[in-house]
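Top line first, the protein sequences correspond to chains A and B.
Residue 84 in UniProt numbering is what sits at position 84 of the first sequence, and the numbering runs on without skipping anything.
Residue 175 in UniProt numbering is what sits at position 175 of the second sequence, and the numbering runs on without skipping anything.
The beta carbon of each residue, even a glycine, is placed where N, CA and C say it ideally should be.
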Amino acid sequence: MVTFIEEFGAVWGGFLGTLSLTVMAGVLSLVGGTLLAVMRVSPVGPLRTFGTLYVEIVRNTPLTLMFFFWVFVAPSVGLLFPDLGFWPAVTALSIYTSAFVCEALRSGVNSVGIGQAEAARSIGLTFRQSLMQVVLPQAWRTAIPPLISVLIALTKNTSVAAGFAYVELVTVQRTLMTSNPTDGLWIFFGIALMYLVITIPLGVLAGQVEKKVAFAR
Amino acid sequence: MKSEASVLYDVPGPRAKRLDVILNWVFTGVFLAVAAWVIVAWYDRGIFDDRWQILWDPPKGQTAGDVWSSLFTGVLNTLKAAAVAAPIAVVFGATVAIIRRGARRRVLSGSSAVVTELARGLPVLMLMFLAKLFFGWSPLWSVVFGLVVYNAAVVAEILRAGLAALPAGQREAGLSIGLSPMRTTLLIELPQAVRIMLPALISQMVVLLKDTALGYIVSYNELLRVIKTNRDYFGDRYLIPLFLVGAAMFIIINLTISRLAIWIEGRMRRSKHVASKDDGSEAMHEGGAESARYSANTGYGTGGTPGP
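In structure tokens, the structure reads:
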């Protein structure tokens with residue numbers, strides 16, 4: 001308890017590390033995942049194949065392996081980052097999370113009944129109108145709760161960066177626990193609290209959104 | 001792909017079909033060009049030189065057998081951690097789910113709810129470091145501890161979703177023939193919940209296997225750590241072949257188990273051992289088990305996506 005309060009400066013630094021990683025990787029993977037989802041539902045065969053391959057491979061690769069690639073392997077093929085900790089971590093997390101964002105969005109599109117599109121066309125809406133006014137609004141509603149799940153998972157996944165020279169909450173946990181072995185449990189719960197500060201609001205938001213957009217099909 | 005049956009675009013006419021063919025060729029060309037460019041760029045950096053010999057004729061007086069046996073030790077350690085953690089996690093998870101559903105006392109079901117919420121809301125790595133630095137456990141048991149605590153909570157959530165998906169008549173029937181709530185849960189509801197949730201449970205085991213790679217960070221001697229050790233011994237230029245072999249091993253193992261989950265889900269859909277809802281629809285809609293696993297994984301309490 002005492003250590004956690006005394007060392008709160010370090011904990012706060014770790015918290016900011018986790019938060020900046022989450023935000024940066026979150027934004028990038030939302031963009032990347034949307035592009036991938038567009039590829040996976042597009043009428044163009046090679047794009048679909050690329051999207052499917054990407055998602056299949058990335059979802060079956062451990063995140064640690066991804067980090068390992070960007071930290072140790074990529075520099076030896078000449079891909080160098082401006083720094084050692086932050087950008088490799090952002091790259092690994094964004095590539096990994098994009099696949100999950102893509103799947104959440106795709107499941108949203110798939111959940112829209114084919115009858116909706118047929119009805120839209122039969123009352124004479126153009127392709128653009130049926131997409132913008134009928135299909136995507138429904139797809140979006142279904143996709144938001146799983147998207148927030150993906151962001152919560154991302155928050156937890158940033159902890160892997162602790163093994164690859166980046167200072168975030170788990171790095172601080174390790175340092176504090178090593179230097180104050182007797183106070184370990186308090187440090188653990190303190191750090192846990194810092195994670196919950198990020199994930200609980202997201203969870204509550206998800207619950208609210210789900211309640212608001214729940215609709216009968 | 002069933003591109004004909006998409007909600008996003010019409011069935012293509014003759015003009016769209018022609019455009020399709022052209023776009024197919026254009027994008028195939030683009031992808032091939034990018035791949036060729038990458039290979040040429042690698043070639044220029046000398047990646048296809050003698051460094052690949054590490055896989056059959058390694059330097060420093062080592063034999064290929066030494067390299068490969070160290071890699072297989074890594075795979076075995078990865079599988080060992082998963083094989084120890086998976087059954088323990090399933091047993092704990094099932095126990096928590098049963099207590100939450102069947103216990104008469106609020107204290108019991110309430111406290112197990114709090115424990116699951118907390119355990120699945122934390123990074124697995126935090127739990128591993130707790131075991132390693134606070135309990136002072138060996139790397140293997142630290143890895144197992146982290147995997148067990150987290151996955152038990154997720155398994156409990158998955159089973160809870162499965163129990164909730166069953167038609168209410170099942171529980172009512174059990175209670176009305178005089179079974180206690182606990183025995184109703186154990187004898188009637190749980191077997192059916194396990195059945196509908198089997199695909200989700202298996203893909204959660206893929207997640208567990210993937211998470212053993214976190215053992216690298218708590219210095220457990222699994223596949224990734226073995227690759228790092230080999231790289232430190234032989235030198236950085238041998239990293240690429242070693243890494244590609246290791247990555248292929250991970251991906252092949254995980255893909256195999258994922259495929260198994262999909263195959264089992266197909267079989268489940270055709271079998272008739274789970275009671276269907278009153279309107280005759282299935283207890284769990286297609287893909288519902290997977291989306292339940294998804295929300296169980298990420299730690300907020302609401303259910304999966306609304307089904308059709």
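Check	Outcome
Establish whether the CB of M177(A) and some CB of chain B are separated by less than 8 Å.	yes
Check whether chain B comes within 8 Å of A192(A), counting only Cβ atoms and requiring the distance to be less than that.	yes
Quick one: does R128(A) have its CB under 8 Å from some CB of chain B?	no
So the candidates are P12(B), G288(B) and A164(B); which of them puts its Cα closest to the Cα of N110(A)?	G288(B)
CA-CA distance, S98(A) and A35(B)?	21 Å
What runs of the alpha helix (DSSP H), each 4 residues or longer, lie entirely inside the stretch 173 to 249 of chain B?	181 to 184, 190 to 211 and 223 to 234
If the cut is a Cβ gap below 7 Å, which residues of chain B does residue 218(A) touch?	Any answer about residue 218(A) is impossible in this case: the structure gives chain A only from 1 up to 217.
Just to confirm the assignment: which complete alpha helix (DSSP H) runs, minimum length 4, are found wholly within the stretch 130 to 212 of chain A?	136 to 157 and 169 to 179
Nearest CA to the CA of K212(A): which residue from P201(A), T142(A), F189(A) and F100(A)?	T142(A)
In whole angstroms, give me the CA-to-CA distance for V203(A) and S107(A).	The question names Val, yet the displayed sequence has Gly at residue 203(A). Cα-Cα distance, rounded: 20 Å.
Let me know if K228(B) comes out buried or exposed under the rule of 16 or more other beta-carbons within 10 Å of its beta-carbon.	buried
Measuring CA to CA, which of L131(A), V23(A), M66(A) and L169(A) is closest to V11(A)?	L169(A)
Closer than 7 Å between beta carbons: that is the criterion. Which residues of the stretch 126 to 142 of chain B meet it against chain A?	M126, F129, L130, L133 and F134
Examine chain A for any beta-carbon lying closer than 8 Å to the beta-carbon of T185(B), and answer yes or no.	no
Put T28(B) into one of helix, strand or coil per three-state DSSP.	helix
Which residue wins for smallest C-alpha separation from R293(B), given the options S219(B), M197(B) and L260(B)?	M197(B)
If we cut at 8 Å on Cβ distances, does A10(A) have a partner in chain B?	no
Is it right to say R59(A) is buried, meaning 16 or more other beta carbons lie within 10 angstroms of its own, or is it exposed?	buried
Specify the secondary structure class of S111(A) as computed by DSSP and reduced to three states.	helix
Unbroken beta strand (DSSP E) runs of length 3 or more, entirely within the stretch 56 to 130 of chain B: which are they?	none
Is it buried or exposed for Y150(B), if we count other Cβ within 10 angstroms and need 16 for buried?	buried
Please look up how many angstroms separate the CB atoms of A104(A) and F67(A), rounded, as I've assumed it's under 8 Å.	A104(A) to F67(A), Cβ: 22 Å. No contact.
Residues of chain A with CB under 7 Å from K210(B), in chain order?	P62
With a cut-off of 8 Å, does the C-beta of K212(A) fall near any C-beta of chain B?	no
Closest to Q170(B) by C-alpha separation, out of R267(B), S281(B), S109(B) and V274(B), would be which residue?	V274(B)
If you measure beta-carbon to beta-carbon, which residues of the stretch 43 to 60 of chain A are closer than 7 Å to chain B?	P43, V44, G45, P46, L47, R48, F50, I57 and N60
In chain order, what residues of the same chain lie with their CB nearer than 7 Å to the CB of I202(B), ignoring the 5 residues before and after it?	I257, L260, A261 and I264
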